[in-house]
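S.K.: Once you know that position 49 of the sequence shown is 49 in full-length UniProt numbering, the rest is easy, because the numbers rise by one and skip nothing.
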Amino acid sequence: MAAKLHENEVFLSLAQAASVTGSSEGRVRYNKEKLVGEGATVSEDGWRIPAAALITLGWVDGETLTERLRSLSLSQVQQLELEVARLRAENERLRAEVEEHTASFSARLFGGRRRK
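(1) Nearest-angstrom Cα distance between A40 and E99?
(2) Kindly indicate the opening and closing residues of the beta strand (DSSP E) around S19.
(3) Can you find the residues in the same chain that come closer than 7 Å, C-beta to C-beta, to A89, ignoring five residues on each side of it along the sequence?
(4) Roughly how far, in whole angstroms, is the beta-carbon of W59 from the beta-carbon of S19, given that I think they are within contact range, below 8 Å?
(5) Between the beta-carbon of W47 and the beta-carbon of S71, is there less than 7 Å?
(6) I need the boundaries of the alpha helix (DSSP H) containing G62, first residue and last residue.
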């Protein structure tokens, strides 16, 4: 499921995405389709990769991403936007987990009952 884009989301270049994930630019290029599915764009101006996409794809966890992005000399506003994106991604993950547990619980609770 693609992460929802928000107007204040932090976007990274190809080189920045490779740097914060500890990957090569080649690996990032190789996964272009996955990244585009998560909201990345590639144009003649370069790559725009949502930071949250790197978390969603499992390439880096939110805290590690935040730490590594701070070293890229982002502005304070961009750092705060990154934190918002990280928290939104974590919120989506937790919602999915709750839905899964709710469905499992409902199946166990009501699955064995017979209707008369």
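Don't be surprised by glycine CBs; every beta carbon is placed ideally from N, CA and C.
M.R.: Reading off the structure:
(1) 27 Å
(2) Premise fails: S19 lies in the alpha helix (DSSP H), 14-21, not in any beta strand (DSSP E).
(3) A3, A52, I55, T56, G62
(4) Actually they are not in contact, since the Cβ atoms of W59 and S19 sit about 12 Å apart, beyond 8 Å.
(5) no
(6) 62-70
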